[in-house]
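Single-structure report; data block below.
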Amino acid sequence: IATRMVVAMIYQGGFDDRGYIIGRISAALYRDESIPLGYCSASHDVVLCTAESIGRFTIVHDPHDSGVPLVAGPYQVVVGAASLSQYSVRVTVETASTVALKEIEAKQEAVEIVERIRQIESDCEHLTVT
């Protein structure tokens, strides 16, 4: 199950005839081209692009906060640039196992342990102490 989607943006400006132009971009995350998702806050490592540093920000979509689930299907990151900019986009999705899947795995592990205990008991029957 997908539990969270994170869009990490890194950007910088570029050079033209006037010299270095500071990069300025904005971005948004959408599902099915019409449902806006996620948010960006100062607590998500926001750094503006300057002549000395590369800019970065993160858009986070958490279904528990928004009530909009992460489902299979198309997602879109829309990027707009207000000046000459170069950027990189990294999208990651955090996942978690369902309780039912963990229950199946635990039952299988328990069966393997019981079989191993039976094998050990069988092997110990033939041992004698002298």
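Numbering (the numbering used here), first residue to last: 111 to 240. From the three backbone atoms N, C-alpha and C, an ideal C-beta is built for every residue, glycine too.
| Item | Value |
| --- | --- |
| Same chain, Cβ closer than 8 Å to Ala192, five either side skipped, listed in chain order | Arg134, Ile135, Ser136 |
| Close-in-space but distant-in-sequence residues of the same chain around Gly197 (CB under 7 Å, 5 per side omitted) | At residue 197 the sequence reads Tyr, which differs from the Gly that was named. Contacts found: Met119, Ile120, Tyr121, Ile135, Val189. |
| Run of the alpha helix (DSSP H) containing Asp142, from where it starts to where it stops | No alpha helix (DSSP H) holds Asp142; DSSP gives it neither H nor E. |
| Cβ distance (whole Å) where Leu180 is taken to contact Ile131 below 8 Å | Their Cβ separation, rounded to whole angstroms, is 36 Å, which puts Leu180 and Ile131 out of contact at 8 Å. |
| Euclidean distance between Cα positions of Thr205 and Glu162 | 36 Å |
| Range of the contiguous beta strand (DSSP E) that encloses Glu162 | Run containing Glu162: none; DSSP gives neither H nor E here. |
| 8 Å Cβ cutoff met for Ile145 and Val178 | yes |
| Gly129 burial status per 10 Å Cβ neighbour count (16 or more: buried) | exposed |
| Reduced DSSP category for His236 - H, G, I as helix; E, B as strand; rest coil | coil |
| 6 Å Cβ shell around Phe167 - same chain, five flanking residues per side excluded | Met119, Cys150, Val156 |
| Given Asp172 as reference, the closest of Glu143, Leu237, Met115 once Cα atoms are compared | Met115 |
| C-alpha gap between Ala112 and Ala152, whole angstroms | 24 Å |
| Sheet register partners of Gly190 (DSSP bridge) | Ser136 |
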